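Here is the structure we will look at, set down as structure tokens.
In my numbering, the protein residues as written are 1179 to 1540.
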């Protein structure tokens, strides 16, 4: 059964690309058409790449690998953390620390320091630490948890890395290339497809689009974990210790059971056929629609937010016109002259006469 349908991709805005002036010509083969000054991504190709990436992630995790989820932009932080934690995979949703992959030995030392600080009771002042020392250690712990909390259980470099927005996460991609780690990423119309081994053409700025594609990668990792446990139980896997299935794994395993009866099999095949027909109709509907394209531009959203903020803090008092202000000033000056007539009667002090130039010496 298909991992996702074109209708779901359309509803999440995966097909919206950037403005035509911001495109990367290498992305031409993934672009379906251009409308209202923006590119439309070919979702038929997106479906093919999603299926290919789904199988790769599932097989990687099933053989004991890990997927590092990376997305530090605001639109991706929430979904990256939620989906990675759901399937027990490491993630980075704050600032990417330089050397996180290439200098993993030093990062491991910082992780050990973070776990050491987590064992300290900061409310207990009877263990030989002063209040100031405890405060400094608490601040250090908060900083480490913010930057390294998502990779606390990472004991080696990941098998692959999932990237949201390759333009923003170029440091992570560079480090992955140096170590030969495959990169899985969303490719928007302004990205370079040569940097990614497993691309998924789509919108990397919309929250719903990022959430949907990240959930698909997490589902693939969850299915791989279930296969890993099944192989270990059957004695055919390479996993030395078998952990009990978590609740979400058990539910997913039960939901993934193949249809047992012939009627269920026929119903599944009919669903696939109708899904394919509806997908084709949905693509035609998008191309023919006259609805203006949502601009895939995070900068525009930020500018709109700032404008709203400026309007909300506008001064509440009424700004007077220049004529009214001048009239008030003249009235105040007249009142001052009436109140102090003696000051007006005093003659102005005469300026001292300029000294005559000295006669030139003969």
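A virtual CB, placed ideally from N, CA and C, is assigned to each residue, including glycine. None of the values given here were measured: they were computed from a predicted structure.
Please report the Cβ distance between residue i and residue j, rounded to the nearest whole angstrom; I am assuming they are in contact, meaning their Cβ atoms lie under 8 Å.
i            : j            : result
residue 1341 : residue 1350 : 6 Å
residue 1303 : residue 1309 : 6 Å
Roughly how many angstroms separate the alpha carbons of residue i and residue j, rounded to a whole number?
i            : j            : result
residue 1222 : residue 1335 : 33 Å
residue 1207 : residue 1376 : 15 Å
residue 1248 : residue 1260 : 12 Å
residue 1337 : residue 1281 : 16 Å
residue 1204 : residue 1287 : 41 Å
residue 1289 : residue 1272 : 16 Å
residue 1397 : residue 1257 : 13 Å
residue 1253 : residue 1366 : 14 Å
residue 1321 : residue 1372 : 35 Å
residue 1291 : residue 1284 : 11 Å
residue 1255 : residue 1242 : 26 Å
residue 1277 : residue 1348 : 13 Å
residue 1244 : residue 1409 : 17 Å
residue 1405 : residue 1238 : 11 Å
residue 1411 : residue 1323 : 35 Å
residue 1352 : residue 1305 : 45 Å
residue 1426 : residue 1317 : Summary for residue 1426: the model assigns pLDDT 49, below 50, so the residue's position carries little reliability, and this model does not support an answer.
residue 1226 : residue 1319 : 44 Å
residue 1188 : residue 1230 : 20 Å
residue 1279 : residue 1360 : 13 Å
residue 1138 : residue 1364 : Summary: the structure shown does not reach residue 1138, with the chain confined to residues 1179 through 1540, and so no result is reported for it.
residue 1468 : residue 1505 : Only weak support exists for where residue 1468 lies, its pLDDT of 42 falling under 50; the value from the coordinates is given anyway. C-alpha separation (whole angstroms): 56 Å.
Quick check: residue i and residue j, are their CB atoms within less than 8 Å of each other?
i            : j            : result
residue 1200 : residue 1368 : yes
residue 1190 : residue 1387 : yes
residue 1268 : residue 1246 : yes
residue 1262 : residue 1402 : no
residue 1270 : residue 1329 : yes
Using only CA atoms, which one of the options lies nearest to residue i?
i            : options                   : result
residue 1211 : 1204, 1219 and 1205       : 1219
residue 1196 : 1307, 1238, 1384 and 1376 : 1384
residue 1186 : 1391, 1398, 1509 and 1404 : 1391
residue 1202 : 1233, 1323, 1412 and 1370 : 1370
residue 1232 : 1411, 1317, 1327 and 1399 : 1399
residue 1358 : 1408, 1339 and 1270       : 1339
residue 1332 : 1266, 1194 and 1406       : 1266
residue 1407 : 1236, 1509 and 1513       : 1236
With a threshold of 7 Å on Cβ separation, who are the neighbours of residue i within its own chain once the five nearest residues in sequence on each side are excluded?
i            : result
residue 1228 : 1181, 1182, 1378 and 1394
residue 1313 : none
residue 1234 : 1376
residue 1435 : With a pLDDT of 47 at residue 1435, under the threshold of 50, the predicted position of this residue should be treated as unreliable, and no value is reported.
Ignore the nearest five residues each way along the sequence and tell me which others in residue i's own chain have a CB closer than 6 Å to its CB.
i            : result
residue 1251 : 1343 and 1346
residue 1355 : none
residue 1192 : 1380, 1381 and 1387
residue 1389 : 1257
residue 1508 : none
residue 1209 : 1217
Excluding the 5 residues flanking residue i on each side, which residues of the same chain have their C-beta closer than 8 Å to its C-beta?
i            : result
residue 1142 : The chain is shown only over 1179 to 1540; residue 1142 falls outside these bounds and no answer can be derived.
residue 1198 : 1212, 1215, 1216 and 1217
residue 1549 : Residue 1549 lies beyond the range of the chain shown here (1179 to 1540); nothing can be said about it.
residue 1512 : none
residue 1510 : none
residue 1495 : Here residue 1495 scores only 41 on pLDDT, less than 50, and its place in the model is too uncertain to base an answer on.
Can you find a CB in chain C that lies within less than 8 Å of the CB of residue i?
i            : result
residue 1281 : Although the question refers to chain C, the structure presented lacks it and comprises just one protein chain.
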